[in-house]
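Student: With my numbering applied, the sequence shown covers 1374 to 1606. A virtual CB, placed ideally from N, CA and C, is assigned to each residue, including glycine. Input: one structure, supplied below.
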Amino acid sequence: MTIDPGTQGADVLLVEDDHTLRTTLELALQLRGCTVRSATTLARAREALSQRRPELLLLDLGLPDGDGLELCRDMRRARDPLPILVLTARGTLEARVAGLRGGADDYLTKPFDMTELMARVEALIRRARWRPGHMAFTVGRLRVDPVARQATRDGEPVELTELELKLLVYLVERQGEAVSRADLLRDVWAMSDTVQTRSVDVFMSRLRKLVEDDATDPRWLQSVRGVGYRLVP
């Protein structure tokens, strides 16, 4: 097995009271180069967080001493940006929305495919270690400073809207990955993934004109048939 360099040495706190699942997840994470600490209750999770800050929190919701969402909300109220991936049997739309609004970065319903879980873990750790939202970056002919809210094209100032900036940062954080329109609507536009709109395509067309040498034959902001878009490094 090839260890993803994005997870090598990552410190993960796993909060899960099911012994079999916890053991399976510990082994899978360790095989990917992670250091894993485990907790089976909310109280022990809070203690582990106070002792050493992890890079990622894998959080079950149905715990013996309460709802894991309480911990998630408490951390966000304290403005703690630690990445949180919720693992739960609560699979309804209402439960997923509550989890994401409660501060979870990602939400996976049990039973889940281990390959999908590990892909999500790797993505969250990778983004935590490298955040373009706090660093200047260049895509094609466009250079962006997210903190200063400034952009230039071939050295000339360019006006970007907040949504255009947020969309670019989102794609750069996930460079190389195929990102669906539904994901973009949910995470960038903060809309339900059941909403149908071509807003994504309109914004992408505008960004291509800024980024590409030829917007009709994109090199960096590529379409993925039947899915959405991919930013190619």
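Under a Cβ-count criterion, where at least 16 other Cβ atoms within 10 Å of its own Cβ denotes burial, should P1606 be classed as buried or exposed?
Tutor: By the 10 Å Cβ count, P1606 comes out exposed.
Student: State the Cα-Cα distance for the pair A1477 and E1529, rounded to the nearest angstrom.
Tutor: Approximately 38 Å between the Cα atoms of the pair.
Student: With DSSP run on the structure shown, which of helix, strand or coil describes T1534?
Tutor: In the structure shown, T1534 sits in coil (DSSP, three-state: anything other than H, G, I, E or B).
Student: Which residues share a DSSP beta bridge with A1412?
Tutor: Answer by DSSP bridge pairing, in chain order: V1388.
Student: If I follow the unbroken alpha helix (DSSP H) through F1690, where does it start and stop?
Tutor: Because the chain is modelled from 1374 through 1606, residue 1690 falls outside the range shown and cannot be assessed.
Student: Okay, do the region 1399 to 1417 and the region 1482 to 1496 touch, 3+ Cβ pairs below 8 Å being the bar?
Tutor: These segments touch.
Student: If you reduce the DSSP assignment to three classes, tell me which class E1467 lands in.
Tutor: DSSP places E1467 in helix when its eight states are reduced to three.
Student: Note down the Cα distance separating T1414 from R1516, rounded to an integer number of angstroms.
Tutor: Straight-line Cα distance between these residues: approximately 46 Å.
Student: Buried or exposed: F1485, going by 16 or more other Cβ atoms within 10 Å of its Cβ?
Tutor: Classification for F1485: exposed.
Student: What would DSSP say about A1551, mapped onto helix, strand or coil?
Tutor: Here A1551 sits in coil by DSSP.
Student: Assuming L1442 contacts G1472 (C-beta within less than 8 Å), just tell me the rounded distance between them.
Tutor: Confirmed, Cβ separation roughly 6 Å.
Student: Got a sec, what are the start and stop residues for the beta strand (DSSP E) V1575 sits in?
Tutor: V1575 -> not in any beta strand (DSSP E); alpha helix (DSSP H) instead, spanning S1572 to V1584.
Student: Among D1590, L1458 and G1475, whose alpha-carbon lies nearest the alpha-carbon of T1482?
Tutor: Out of D1590, L1458 and G1475, L1458 has the C-alpha closest to the C-alpha of T1482.
Student: If we call anything under 9 Å between Cβ atoms a contact, is L1431 one with V1470?
Tutor: Going by C-beta atoms, L1431 is not nearer than 9 Å to V1470.
Student: Just tell me which of A1418, Y1543 and S1578 has its CA closest to the CA of R1499.
Tutor: If we check each option's Cα against that of R1499, Y1543 comes out closest.
Student: Check for me: the beta strand (DSSP E) holding L1350 runs from which residue to which?
Tutor: With the chain running from 1374 to 1606 in the structure shown, residue 1350 is simply not present.
Student: Regarding T1511 and the ligand HEM, is the C-beta to nearest heavy atom distance less than 8 Å?
Tutor: Within the structure as shown, the ligand HEM is missing, as the structure has no ligands at all.
Student: Do D1390 and D1447 have their beta-carbon atoms positioned less than 9 Å apart in this structure?
Tutor: In this structure, D1390 does not lie closer than 9 Å to D1447 by Cβ.
Student: Could you pull the start and end residues of the alpha helix (DSSP H) that L1515 belongs to?
Tutor: No alpha helix (DSSP H) contains L1515, which is instead part of the beta strand (DSSP E) from L1515 to D1518.
Student: Excluding five sequence neighbours on each side, which residues of the same chain lie with their C-beta closer than 8 Å to the C-beta of E1420?
Tutor: Result list for E1420: A1412, in chain order.
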